[in-house]
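Student: Numbering (our numbering), first residue to last: 344 to 1108. For each residue, glycine too, the CB sits at the ideal point set by N, CA and C. Let me begin by handing over the structure; questions about it come next.
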Amino acid sequence: MTEGETKKYTADLMGKEIEFEIGKLASLADGAVVVSCGGTDVLVTAMGSKHEVDRDFFPLVVDVEERMYAAGKIPGGFFRREGRPSEKSILTARLIDRPLRPNFPEGMRIEVQIIATILSVDQVNLPDILSINGASAALCISDIPFDGPVGAVRVGLLPEGLVINPTVKELERSSVDLVVAGIMNQETNEVDIIMVESGADQVPEEDLIDALEFSKQGLREMIRIQQQMAREVSKPKREVNLKKYDIEAVRMRFPEMKSRIDQTIREIARNQLEKTERDKELERLLERFVLAAEGEGASEDFIESVKEHFSMLTGQAMRRLIVEEDMRIDGRRPEEIRPITCEVGLVSRTHGSGLFSRGLTQVLTLLTLGPISDMQTIDDLSPDESKRFLHHYNFPPFSVGETGMLRGPRRREIGHGALAERALVSVIPDESVFPYTIRLVSEVLSSNGSTSMASVCASSLALMDAGVPIKDNAAVAGIAMGLIKESEKSVVLTDIQGIEDKYGDMDFKVAGTDKGVTALQMDMKIRGITVEVIQRALSQAKEARLYVLRKIRETIPEPRSELSPYAPRVVTFEVPVDKIREIIGPGGKVIHRIVAEHDVELDIEDDGRVFITSKDLESGMAAKRMVEQIIREAKPGEQFEGLVTRTTGFGAFVEYLPGKEGLIHISKLSDRHIARVEDVVNVGDRIKVEVSEIDKMGRVNLRGIDLKIPDDLPESGPDKGERKPGSGRDSRQQNRYAPGQRGKPEGREKGRGDSTRHRQERKNW
């Protein structure tokens, strides 16, 4: 392409068009593509550093920049600017990273950075699939060595059938949210699967296999369009120095290393040594070779080559043992699960707790119940505004026998927490059934593989221990599957441990209930596998999942019938929408009074749903009764005990229901004539009243019942009977002017003010 030239390419996914534009934006990036679908646009750039870095891993960094302008929003917070990445952007970054990483040359040590900047979202087409395809396209047209392209699609399962790249509305009706990434197998000219990420509503394995097969149509189109772009506009790939080890020199110096490692691995498997003892045996063997090399004055590079060759031979020995003898490094068969133990109720003051151990992997999950107001507010580009079910995952350094800095959650912890949350959300009861915010925290206490799936199992235990009425009493269990593929033979492993994850070809996590799958996550270290292999893994995972579920039910067969005594109680009911203002009151006066009097939290939704959260059920029910009294409509003839809130010259105002006042006219205080209201009632008195009338404006007039009238009150007042001396016209004229008041009668201003106030109150009532 010449400078300033732009090109557009369009992929057709069963009637849905995805457009790639090259050359218009970010011209100084090694590769830059704008990917669009509908009103959603993502700019994806790829940059590679000019020099290699001294790392023992490939330094690939993927960032997703969610700009709030993309959704027409201004960011919250004091500075009104985007801050740290949202959880959604971190999960999308991981989704981009996972299918790309296996396709870079082994040993490449230049820093590669992928940045996906979301420019626009239409709340119809999601940007994550566009970002994966855009990242692959940007790498394909750049000069960065990359063995792509990688295609990605989302598959939904609607009542009417499977659909490629469903819209947001379609996803709400879909029982499957399946993201699939694939590459083209050059030998078979078929699409192989390299990454899977899915949430599902207890879907049978057969439906997921159908969805994976269906995804190939879209994957083939996304790969085709990227191949065309690479042919037409790709830059020549740069030459890079790959990090290499002097393996041949190590072989010549230590020709016995391979046989010694093979022998050690067989002894470890035969003796079924646990991780700690196994690691010690291997470390002692490695140390002998390192000390021998150091004793001969070997260079640091040679020592590093010794360690690398030792690690490579260890992996090969472990893989041969599995493929040739169906024996794993801990003595298990390929489909065998490590010993499992389950416990509940370990921590007394929490609302629920579950401990799940599988081999040396151990996770403790703690559950907390809170009011609906504790829901997480989501401030990102997604259409979701809040979330009432949360799962958080913590992975402290002691869980792998190491020290380390304790900082905030890292990307891996956020990803594992989200995976377990996705696995569990399909069994979480609806808000109408269980009106609580639910937070689960999984603490990894010991790690030897598949801590995310152990977190799913521990969370199921904690949910049932807390008495959460999970749907159909369906506990969720998870299992991690592995793969060893050697030439034409492949072996699927059940319940992989750390070393099998390290030296294996696949990490495939499967979670679900008795009925079906609720979550999948598959990552590959090789260039993809066929759907047939995935089908074998799913079938083997189902057997393992059912076994784990039986172990869980042996510990706690169903949710407890009662909540923890330390959990809050929530009372929920509905009120007419037009009554919400009465519950809140002017300036929140009424609702604050309810909260203060009963020590509760009170939340009212716009649709009239009321949630009252209290420490005990009695307080919540008392608050509910108060709300019902507030919205109650009084009827003529009903009697109440009320509180006198204020008095005037013409009557007394009485709060006969919480937040509702009525007027007792002075003439209704007694059958006798009353001169002053205060002669009968005063502010703060509790009196019995009856509703005598409700006028057309909804104002309530009351009359007093059995009010105590002092015996010494006169039968008539100054406005009846004989006129008292000094009270007639002569008296008024006599007091017409006071000294120093230019024509204003003494007391006239005050008297007129009182009269005006009384007239206004009479008008209001």
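Count the other C-beta atoms from every protein chain shown that fall within 10 angstroms of the C-beta of residue 374, then say buried if there are 16 or more, exposed otherwise.
Tutor: Classification for residue 374: buried.
Student: If we require 4 or more residues per run, which alpha helix (DSSP H) segments fall completely within the region 870–912?
Tutor: You should have 874–898.
Student: Assuming residue 735 is part of the beta strand (DSSP E), what are its boundary residues?
Tutor: Looking at the DSSP string, the run of the beta strand (DSSP E) that includes residue 735 is 732–737.
Student: Give, in chain order, every unbroken run of the alpha helix (DSSP H) that is at least 4 residues long and sits entirely within the region 637–715.
Tutor: Qualifying alpha helix (DSSP H) stretches, in chain order: 643–668.
Student: Less than 7 Å between C-beta atoms, sequence neighbours within five positions excluded: which residues of the same chain meet that for residue 768?
Tutor: 732.
Student: Use the C-beta contact count for residue 846: other C-beta atoms within 10 angstroms, 16 or more gives buried, fewer gives exposed.
Tutor: With 16 or more Cβ atoms within 10 Å of its Cβ, residue 846 is classed as buried.
Student: Considering Cα atoms alone, identify which of 442, 409, 414, 416 is closest to residue 427.
Tutor: Among 442, 409, 414, 416, the Cα nearest to that of residue 427 is on 409.
Student: Answer with buried or exposed for residue 735, where buried requires no fewer than 16 other C-beta atoms within 10 angstroms of its C-beta.
Tutor: Residue 735 is buried by the Cβ-count criterion.
Student: How would you write the range of the alpha helix (DSSP H) that residue 394 sits in, first residue to last?
Tutor: No alpha helix (DSSP H) holds residue 394; the beta strand (DSSP E) holding it covers 383–395.
Student: When DSSP builds the beta bridges, which residues end up paired with residue 466?
Tutor: Note: residue 466 sits in no beta bridge, so no partner.
Student: Would you check if the region 802–816 and the region 841–855 touch, i.e. whether three or more CB-CB distances between them fall below 8 Å?
Tutor: No: the two stretches stay apart, fewer than three of their Cβ pairs being nearer than 8 Å.
Student: For residue 840, which of helix, strand or coil comes out of DSSP?
Tutor: Reduced to three states, the DSSP call for residue 840 is coil.
Student: Tell me which residue opens and which closes the beta strand (DSSP E) that residue 958 is part of.
Tutor: No beta strand (DSSP E) contains residue 958, which DSSP labels as neither H nor E.
Student: Based on DSSP bridge pairs, tell me the residues matched to residue 507.
Tutor: Answer is 498, bridged to residue 507.
Student: What do you reckon, are the CB atoms on residue 884 and residue 765 nearer than 7 Å?
Tutor: Not a contact, by the Cβ cut-off of 7 Å.
Student: Any idea which residues DSSP pairs residue 380 with across the strands?
Tutor: BP columns for residue 380 point to 383.
Student: For residue 908 and residue 479, I'd like the C-alpha separation in whole angstroms.
Tutor: The straight-line gap from Cα to Cα measures roughly 54 Å.
Student: Between the Cα of residue 867 and the Cα atoms of 446, 783, 581, which residue gives the shortest distance?
Tutor: Per the Cα distances, 446.
Student: Please state whether DSSP places residue 349 in a helix, a strand or coil.
Tutor: Three-state DSSP puts residue 349 in coil, outside helix and strand.
Student: What residue from 562, 553, 507 has the CA that sits closest to residue 532's CA?
Tutor: Cα-wise, what sits closest to residue 532 is 562.
Student: Straight-line CA distance for residue 391 to residue 523?
Tutor: So the two alpha carbons sit approximately 26 Å from each other.
Student: Please report how far the alpha carbon of residue 1042 lies from the alpha carbon of residue 976, in whole angstroms.
Tutor: The alpha-carbon atoms of residue 1042 and residue 976 are separated by roughly 11 Å.
Student: Within the same chain, show all residues whose beta-carbon is closer than 7 Å to that of residue 584, passing over the 5 residues directly before and after it, in chain order.
Tutor: Here the set comprises 395.
Student: Cβ atoms of residue 755 and residue 433: under 7 Å apart, would you say?
Tutor: No, the pair does not count as a contact, with Cβ atoms beyond the cut-off.
Student: Tell me whether residue 782 sits in a helix, a strand or coil according to DSSP, three-state version.
Tutor: Of the three classes helix, strand and coil, the one that applies to residue 782 here is strand, per DSSP.
Student: Got a sec? Which residues, its chain only, sit under 7 Å from residue 570 by beta carbon, not counting five neighbours each side?
Tutor: Taken in chain order, the residues that qualify are 492.
Student: Any idea if residue 990 is buried or exposed, counting beta-carbon neighbours within 10 angstroms, 16 or more meaning buried?
Tutor: Counting Cβ neighbours within 10 Å, residue 990 comes out buried, since at least 16 surround it.
Student: Whose C-alpha, out of 1009, 996, 870, is nearest the C-alpha of residue 536?
Tutor: Among 1009, 996, 870, the Cα nearest to that of residue 536 is on 870.
Student: If you drop the 5 nearest sequence neighbours on each side, which residues of the same chain put their C-beta closer than 7 Å to that of residue 788?
Tutor: Cβ neighbours of residue 788 beyond the five flanking positions: 705, 706, 707, 742.
Student: For residue 541, which residues does DSSP report across the bridge?
Tutor: Looking at the DSSP assignment, residue 541 forms a beta bridge with 521, 863.
Student: Take residue 872 as the anchor and find which of 467, 405, 828 has the nearest alpha-carbon.
Tutor: The option with the nearest alpha carbon to residue 872 is 828.
Student: What are the complete alpha helix (DSSP H) segments, minimum 4 residues, inside the region 416–443?
Tutor: The qualifying runs are 430–443.
Student: For residue 1109 versus residue 476, is the C-beta distance shorter than 7 Å?
Tutor: Here the chain covers residues 344 to 1108 and nothing more, so residue 1109 does not appear.
Student: Return the first residue and the last residue of the alpha helix (DSSP H) that residue 807 is part of.
Tutor: Residues 794–809.
Student: Could you check what DSSP says for residue 358 in three-state terms: helix, strand or coil?
Tutor: Coil at residue 358, not helix or strand.
Student: Looking at the secondary structure, which residues open and close the beta strand (DSSP E) in which residue 983 lies?
Tutor: Unbroken beta strand (DSSP E) run through residue 983: 982–990.
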